[in-house]
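Peer 1: Listed in order, the protein sequences are those of chains D and F. Under full-length UniProt numbering, read the first sequence as residues 1 to 434, first letter to last. Under full-length UniProt numbering, read the second sequence as residues 1 to 434, first letter to last. Can you keep this structure in mind? I'll have questions shortly.
Number of protein chains: 2
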Amino acid sequence: MISVSDTPLHRSSMPSPAMIERPSLLSASSGYENYRGFLNLLYVILGIGSSHLVIENILKYGLLVEFDWPLRFLKDPTNWPSVFLILLINLFILFQYWLEIQLMKVTSVKKLFIFFEIINVSLILIFPVIYIHHRQPNAVGAFVAVCLYSIVFLKLVSYTHINYRCRLVLLRKKHDETNSVVISNGPIVYPNNLTIKNLYYFLLAPTLCYELNFPRTQRIRKTFLCRRFGEILVISSLQYCLGQQWILPILRTLDRPLHHYSILENIERLLRLALPNHLIWLLLFYVYFHSTLNLLAELLCFGDRLFYRDWWNATDLYEFWNRWNTSVYDFCKRHVYHPLVDHYGFSRSLGTLIVFVISAFFHEYLISVPLRMIRPWSFLAMILQLPMGLAVRRVKNENKTYGNIAVWVSLILIQPIAILLYIQDLFYRDFVKH
Amino acid sequence: MISVSDTPLHRSSMPSPAMIERPSLLSASSGYENYRGFLNLLYVILGIGSSHLVIENILKYGLLVEFDWPLRFLKDPTNWPSVFLILLINLFILFQYWLEIQLMKVTSVKKLFIFFEIINVSLILIFPVIYIHHRQPNAVGAFVAVCLYSIVFLKLVSYTHINYRCRLVLLRKKHDETNSVVISNGPIVYPNNLTIKNLYYFLLAPTLCYELNFPRTQRIRKTFLCRRFGEILVISSLQYCLGQQWILPILRTLDRPLHHYSILENIERLLRLALPNHLIWLLLFYVYFHSTLNLLAELLCFGDRLFYRDWWNATDLYEFWNRWNTSVYDFCKRHVYHPLVDHYGFSRSLGTLIVFVISAFFHEYLISVPLRMIRPWSFLAMILQLPMGLAVRRVKNENKTYGNIAVWVSLILIQPIAILLYIQDLFYRDFVKH
């Protein structure tokens with residue numbers, strides 16, 4: 001009885017490959033999960049794709065790039081209202097700060113100040129609507145301003161809420177007249193945090209949740225800054241080129257309202273739009289949530305860099321919404337969901353519903369106000385996540401990979417549907433009516 | 001001294017997010033590596049991209065698909081030589097089998113038979129060259145035939161080598177007249193393996209390395225078969241569409257030899273070709289190394305499914321070549337590298353060089369013979385991997401991510417360069433000379 005692989009002679013001169021029962025790595029059953037290489041492939045594809053776009057463009061049109069955008073920005077009168085709007089936000093911030101100082105000082109007649117605070121914070125959302133409606137600025141500038149106002153609104157809500165809680169604790173402490181030692185999680189305690197510097201640090205910091213003591217890094221790494229800055233430059237230019245070269249030609253084919261086309265034609269245009277739009281969205285995610293927020297955090301020595309969790313592995317839509325924007329998620333959890341559920345006794349599903357409605361409101365607000373056109377598409381896109389999430393969860397229960405694929409499909413398809421609907425409505429407004 | 005987050009009241013009604021110093025997940029320093037989701041994104045992009053291609057095509061040309069390719073195949077006389085060529089391979093296989101049987105029987109005059117074996121195996125590579133040169137079949141059919149001949153060549157080399165080793169062990173055993181118990185790694189021992197059934201099982205099995213006893217699975221899973229078969233159908237169709245829709249139009253812009261274009265124009269065409277070509281290559285990898293080989297293995301109850309390792313994470317070119325085609329890698333290691341280094345005392349780097357030269361020869365053989373055009377491009381592309389590998393290894397020593405990116409860049413760019421050079425030469429042969 002002789003077999004090949006059991007003699008020393010054979011072993012030494014001709015090692016047979018260890019042929020045993022093994023699954024293929026790409027089979028889900030293999031349990032293999034390290035696909036970091038494919039992320040690098042995405043980077044390479046982006047790099048090669050953008051180099052190609054640049055060279056193609058130069059060959060077609062010659063070197064047209066002119067660095068005149070600062071000049072053009074200055075010359076366009078419709079840019080100026082947005083600049084003023086952005087500067088005006090400081091009035092609301094400083095008024096809220098003054099109210100906080102008053103609240104800290106007085107001990108009895110608080111309700112009036114709190115009422116003013118609520119009015120002031122609400123005005124932050126209402127004021128840009130009125131202003132933009134009257135002054136009709138350029139939509140891009142208006143969009144930037146409205147984003148800024150929304151962020152400041154959320155930040156001031158958090159600031160006010162936390163300071164309110166601090167006063168409550170202080171009051172209860174005085175009432176109980178206990179003198180037990182309180183361990184602080186940082187050097188700053190209420191009301192020492194009520195300084196202009198502390199407030200503006202929070203307003204600049206890449207978070208929506210106010211804390212008296214933020215985790216801080218020791219120093220600013222210059223190479224880190226340079227890399228993030230380089231990424232912002234390259235990716236923004238790439239997005240601009242992709243938009244010009246790939247998205248606009250598709251949108252220009254839309255010369256009638258959508259229902260004048262056949263269903264197949266609409267599906268074709270949707271699918272044609274879906275991939276470049278998704279690519280630009282992925283780039284936007286990276287350039288904003290990774291490059292910009294990290295740059296900001298590094299400049300401010302802000303320690304907590306978890307601006308996003310691993311949403312790309314989300315196996316249902318709720319997981320996606322919980323992971324993809326940590327700042328907003330933490331804000332909603334801390335200032336909306338938990339107060340509603342823990343303090344006011346709302347049910348958990350009602351709490352989730354309210355969070356989604358608020359989120360849908362902001363999605364709509366950020367689009368409708370700059371376009372000066374109230375349409376439900378963005379609101380609906382967000383609200384539809386709830387029933388769709390239930391459907392995806394069913395898929396997920398079958399197979400987690402299918403759940404993840406369903407999340408990607410909904411991400412890729414819902415945005416371009418909304419874009420086409422907005423473009424159609426803009427078309428009606430700007431071309432048909434006039 | 002009161003701080004916000006240290007009272008039970010605060011804790012229960014408003015849990016603050018755990019804000020600690022945390023890195024962003026996409027930072028290399030975070031150590032996070034689960035990007036399975038991006039693999040699914042690739043699938044989704046492929047799905048959406050191909051649906052779009054199908055719908056666009058239908059809108060442009062109507063429903064043109066005709067399932068007449070079996071008919072067209074039968075009618076085209078240039079297809080037939082390849083079919084005959086493929087059938088003729090059995091003569092070489094059976095002759096080699098007959099020689100093995102003779103070698104097993106006789107004990108003295110072996111050298112003549114071994115000489116015949118070497119001649120027969122060499123003829124497997126030479127015969128298709130002569131045949132294709134004379135009969136001038138369709139290049140696609142010829143390519144399939146030449147691939148098959150190469151695979152059978154490698155398999156018969158392995159078969160002959162292992163049987164030779166078995167005889168050697170048997171001889172040495174008889175000579176020593178030892179009767180020690182030998183533990184067999186399977187039920188079949190030499191010479192019981194010398195059956196037609198055993199040989200043809202090995203020839204069909206998805207491996208190039210002969211073993212007397214292959215690991216076997218218990219049963220054929222029907223859903224697994226259906227999935228792999230579905231993948232093969234869908235992905236092959238997609239590759240065909242991509243080739244027609246994306247690659248051919250680019251190649252048709254090449255109406256002069258390459259040096260008549262400016263450098264920028266050549267780079268532009270190269271980059272334009274690079275991405276669709278790489279996409280098709282990725283699909284080819286999946287459909288061949290995952291779907292087809294798994295289908296074959298499932299049908300044959302073949303247990304070892306590790307047809308590829310995680311080449312997508314390779315941080316230098318040698319790692320890539322070691323991982324991406326396990327069958328060829330195992331073959332080279334077992335039948336070329338180890339005999340050379342361990343038995344004949346070659347240095348390790350000379351062994352590696354010889355493996356690369358043989359590999360380069362086969363890359364060239366598979367292209368030049370079907371095209372009936374001897375050009376060095378494919379050979380050079382493979383041989384260039386050696387110096388490039390050294391360069392990439394330097395990059396890798398700096399940063400592993402950069403090494404991986406360098407591997408992707410070389411994968412994406414080298415193939416289209418070779419394709420453009422071949423197309424240019426075909427153009428000279430078929431259009432300019434005639």
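Ideal placement from N, C-alpha and C gives every residue a C-beta, glycine not left out.
1. For the ligand ZN, is there any heavy atom lying closer than 7 angstroms to the beta carbon of isoleucine 101 of chain D?
2. On the criterion of 16 or more Cβ atoms from any shown chain inside 10 Å, does asparagine 399 of chain D qualify as buried, or is it exposed?
3. Mind checking if proline 206 of chain F is an interface residue toward chain D, Cβ cutoff 8 angstroms exclusive?
4. Flag leucine 225 of chain F as yes if its beta-carbon sits less than 8 angstroms from any beta-carbon of chain D, otherwise no.
5. Name, please, each residue of chain D whose Cβ falls closer than 8 angstroms to the Cβ of tyrosine 288 of chain F.
6. Since arginine 216 of chain D sits in a beta bridge, which residues does DSSP pair it with?
7. If you run the structure through DSSP and keep just helix, strand and coil, what is arginine 227 of chain D?
8. Using a beta-carbon distance below 8 angstroms, is methionine 14 of chain D in contact with chain F?
9. Excluding the five sequence neighbours on either side, which residues of its own chain have a C-beta within less than 7 angstroms of the C-beta of isoleucine 220 of chain D, listed in chain order?
10. From serine 180 of chain D to phenylalanine 331 of chain D, what distance separates their C-alpha atoms?
11. I'd like to know whether the C-beta of serine 180 of chain F is nearer than 8 angstroms to at least one C-beta of chain D.
12. Residues in the same chain with beta-carbon distance under 6 angstroms from isoleucine 280 of chain F, minus the five sequence neighbours each way, listed in chain order, please.
13. Enumerated in chain order, which unbroken segments of the beta strand (DSSP E) with a length of 3 residues or greater are wholly contained in the region 383-414 of chain D?
14. Compile a chain-ordered list of the residues in the region 66-94 of chain F whose CB is closer than 7 angstroms to at least one CB of chain D.
15. Alpha carbon to alpha carbon, how far is isoleucine 45 of chain D from isoleucine 250 of chain D? Give it in angstroms, no decimals.
16. Assuming arginine 305 of chain F contacts serine 24 of chain D (C-beta within less than 8 angstroms), just tell me the rounded distance between them.
17. Could you pull the start and end residues of the alpha helix (DSSP H) that threonine 326 of chain D belongs to?
18. What would DSSP say about arginine 22 of chain D, mapped onto helix, strand or coil?
19. If contact is defined by three or more beta carbon pairs under 8 angstroms, each pair taking one atom from either stretch, is the region 410-418 of chain D in contact with the region 341-352 of chain D?
20. Determine the contact status of asparagine 397 of chain F and asparagine 404 of chain D, defining contact as a CB-CB distance below 8 angstroms.
21. Restricting to runs no shorter than 4 residues, where is the alpha helix (DSSP H) found entirely within the region 95-160 of chain F?
22. When the cut-off is 8 angstroms and only beta carbons count, does phenylalanine 38 of chain D lie next to chain F?
23. Is any beta-carbon of chain F found at less than 8 angstroms from that of residue 436 of chain D?
24. Could one say the Cβ of isoleucine 249 of chain F lies closer than 8 angstroms to chain D's Cβ atoms, at least one of them?
25. Helix, strand or coil, according to DSSP, for asparagine 34 of chain F in the structure here?
26. Could you tell me whether any Cβ in chain F is nearer than 8 angstroms to the Cβ of residue 441 of chain D?
27. Tell whether a beta-carbon distance below 8 angstroms holds between phenylalanine 92 of chain D and asparagine 120 of chain D.
28. Whole angstroms is fine: what's the gap from alanine 205 of chain D's alpha carbon to histidine 343 of chain D's?
29. Contact check, isoleucine 235 of chain D vs tyrosine 286 of chain D under 8 angstroms by CB: the rounded distance?
30. Is it buried or exposed for glutamine 245 of chain D, if we count other Cβ within 10 angstroms and need 16 for buried?
31. Compute the beta-carbon to beta-carbon distance between glycine 389 of chain D and tyrosine 329 of chain D, rounded to the nearest angstrom, for a pair I have assumed lies under 8 angstroms.
32. Could you tell me if isoleucine 126 of chain F is buried or exposed, where buried requires 16 or more neighbouring beta carbons within 10 angstroms of its beta carbon?
33. Please list, in chain order, the chain D residues whose beta carbon lies closer than 7 angstroms to that of tyrosine 35 of chain F.
34. Looking at the structure shown, is aspartate 430 of chain F part of a helix, part of a strand, or coil, going by DSSP?
35. Verify the CB distance criterion: does aspartate 316 of chain D have a CB-CB separation below 8 angstroms to chain F?
Peer 2: To lay it out plainly:
1. The ligand ZN is not part of the structure shown, which contains no ligands of any sort.
2. Exposed.
3. no
4. no
5. Correct list: empty, because the minimum Cβ distance to chain D is about 12 angstroms.
6. D:Phe302
7. helix
8. Summary for methionine 14 of chain D: the model assigns pLDDT 41, below 50, so the residue's position carries little reliability, and this model does not support an answer.
9. For isoleucine 220 of chain D, the CB contacts under 7 angstroms within the same chain, skipping 5 residues up- and downstream, are Glu298, Leu299, Cys301 in chain order.
10. Confidence at serine 180 of chain D is low in this model, with a pLDDT of 44, below 50, so the placement of that residue should be treated as unreliable; the coordinate-derived value is given next. Straight-line Cα distance between these residues: approximately 31 angstroms.
11. Confidence in serine 180 of chain F is poor, its pLDDT being 44 and thus under 50, which makes the residue's placement too unreliable to answer from.
12. Gln239, Leu242
13. If we require 3 residues or more, the region 383-414 of chain D turns out to have no beta strand (DSSP E) run fully inside it.
14. Of all residues in the region 66-94 of chain F, none comes within less than 7 angstroms of chain D when Cβ atoms are compared.
15. 22 angstroms
16. Confirmed, Cβ separation roughly 5 angstroms.
17. 326-332
18. strand
19. no
20. no
21. 111-135
22. So, interface residue.
23. Any question about residue 436 of chain D goes unanswered here, given that chain D covers just 1 to 434.
24. Checking the displayed sequence, the identity of residue 249 of chain F turns out to be proline instead of isoleucine. Not an interface residue.
25. strand
26. Residue numbering for chain D in the displayed model covers 1 to 434; residue 441 of chain D lies beyond these limits and cannot be assessed.
27. Going by C-beta atoms, phenylalanine 92 of chain D is nearer than 8 angstroms to asparagine 120 of chain D.
28. 28 angstroms
29. Right, the Cβ-Cβ distance comes to about 7 angstroms (below 8 angstroms), so this counts as a contact.
30. Under this definition glutamine 245 of chain D is an exposed residue.
31. Glycine 389 of chain D to tyrosine 329 of chain D, Cβ: 15 angstroms. No contact.
32. exposed
33. Within chain D, the residues near tyrosine 35 of chain F are Tyr35, Arg36, Phe38, Leu39, Trp312.
34. In this structure, aspartate 430 of chain F counts as helix in the three-state DSSP scheme.
35. no
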